[in-house]
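S.K.:
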Amino acid sequence: MAAVGDLHCRDDQHGRFRQLIKQVNAQADLLLLCGDLTDRGMAEEGKVLAEELSALRVPCAAVLGNHDYEHGQVKDICSELSKVGVHILDGDHFIFEKTLGVAGVKGFGGGFGNATLQAFGEGQTKSFVQEAVTESLKLEAALSHLDTPKKVVIMHYAPIPETLEGENIEIRPFLGTSRLSMPIDHYGAEYVFHGHAHHGAREGKTKSGIPVFNVAMPLLTKFTPEQRFALLEV
Numbered sequence: 001m002a003a004v005g006d007l008h009c010r011d012d013q014h015g016r017f018r019q020l021i022k023q024v025n026a027q028a029d030l031l032l033l034c035g036d037l038t039d040r041g042m043a044e045e046g047k048v049l050a051e052e053l054s055a056l057r058v059p060c061a062a063v064l065g066n067h068d069y070e071h072g073q074v075k076d077i078c079s080e081l082s083k084v085g086v087h088i089l090d091g092d093h094f095i096f097e098k099t100l101g102v103a104g105v106k107g108f109g110g111g112f113g114n115a116t117l118q119a120f121g122e123g124q125t126k127s128f129v130q131e132a133v134t135e136s137l138k139l140e141a142a143l144s145h146l147d148t149p150k151k152v153v154i155m156h157y158a159p160i161p162e163t164l165e166g167e168n169i170e171i172r173p174f175l176g177t178s179r180l181s182m183p184i185d186h187y188g189a190e191y192v193f194h195g196h197a198h199h200g201a202r203e204g205k206t207k208s209g210i211p212v213f214n215v216a217m218p219l220l221t222k223f224t225p226e227q228r229f230a231l232l233e234v
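In UniProt numbering, the protein residues as written are 1 to 234.
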């Protein structure tokens, strides 16, 4: 199982992911993409990425990231990717060979533990918190409908603070929220993958001990430039 996020594909990058796709085809049975698939959320960027992924020979499940929403062209991006068989998850799941269920959401920010932002005060604050709650409920729904022997979770935002170590402390509450870890700990999973934190840490665990991996490509490139994706066996 190969996992990577934050591809940030631009419309002038034809061929940029050719080697990555070749490596995935040779080493993995499944590819998981953890958001920020495009750089500015443009349909043309989605088309270029779809062209790259057309060479993929294994199934692919993905979630979107904040960059993919920038220009309001999410439907067009998803349409381009669906043409080459990419399964975009948004509170739903993908089943691989009847044994592995992949639950996916974008996620959202809001902080962690006792410092999690609460829905109090201005309407804008309540709306911000509600988005995080909604994403958590979507993940809960996706996991609750999975009865496969094994489950993994993909998202863009981080569900734990440990994988944000290395990011400026001031922005960490905007990079994820522990609200996302609650359904994971309740329903269980083999692994959790997220992106978004380009300068974070590679690994951490939820309160119940479920491994969480930050697979943002800029982070992975620092440690394994010859292989810009995480590879794990389930």
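Don't be surprised by glycine CBs; every beta carbon is placed ideally from N, CA and C.
DSSP state of Val-152, grouped into three classes?
M.R.: strand
S.K.: Whose C-beta lies closer than 8 Å to the C-beta of Arg-40 among residues of the same chain, with five residues either side of it excluded?
M.R.: Arg-10, His-67, Glu-70 and His-71
S.K.: So, helix, strand or coil for Asp-39, using DSSP?
M.R.: coil
S.K.: If distances are taken between C-alpha atoms only, which option among Leu-231, Glu-226 and Glu-233 comes closest to Gln-19?
M.R.: Glu-226
S.K.: State the beta-bridge partners of Lys-205 as determined by DSSP.
M.R.: Pro-211
S.K.: Is DSSP giving Leu-32 helix, strand or coil here?
M.R.: Assigned with DSSP and collapsed to three states, Leu-32 falls in strand.
S.K.: Can you tell me where the beta strand (DSSP E) holding Gly-101 begins and where it ends?
M.R.: 100–104
S.K.: Since His-93 sits in a beta bridge, which residues does DSSP pair it with?
M.R.: Ala-103
S.K.: Would you kindly report the start and end of the unbroken alpha helix (DSSP H) that includes Ala-132?
M.R.: 123–144
S.K.: Let me confirm a value: Gln-118 is counted as buried when at least 16 other C-beta atoms fall within 10 Å, else exposed. Which label applies?
M.R.: exposed
S.K.: Only counting the same chain, and skipping five residues up and downstream in sequence, which positions put a Cβ closer than 6 Å to that of Glu-162?
M.R.: Beyond the five residues adjoining it in sequence on each side, Glu-162 comes within less than 6 Å, by CB distance, of Gly-204 in the same chain, given in chain order.
S.K.: Three-state secondary structure (DSSP) at Phe-174?
M.R.: Phe-174 sits in a helix when the DSSP states are folded into three classes.
S.K.: DSSP on Leu-219, reduced to helix/strand/coil?
M.R.: helix
S.K.: Counting Cβ pairs, one atom from each stretch, are 3 or more of them under 8 Å apart for the segment 21–31 and the segment 187–200?
M.R.: no
S.K.: Have a look at the DSSP bridge pairing and note the partners of Ala-55.
M.R.: DSSP lists no partner for Ala-55.
S.K.: One question on the structure: do Ala-189 and Val-152 come within less than 9 Å of each other, judged by their Cβ atoms?
M.R.: yes
S.K.: Can you name the start and end residues of the beta strand (DSSP E) that His-194 belongs to?
M.R.: 191–194
S.K.: Going by the C-beta, is Gln-13 closer than 8 Å to any heavy atom of the ligand ZN?
M.R.: No copy of the ligand ZN occurs in the structure displayed, which carries no ligand at all.
S.K.: Anyone know if the C-beta pair for Thr-99 and Pro-149 falls short of 9 Å?
M.R.: A contact, by the Cβ cut-off of 9 Å.
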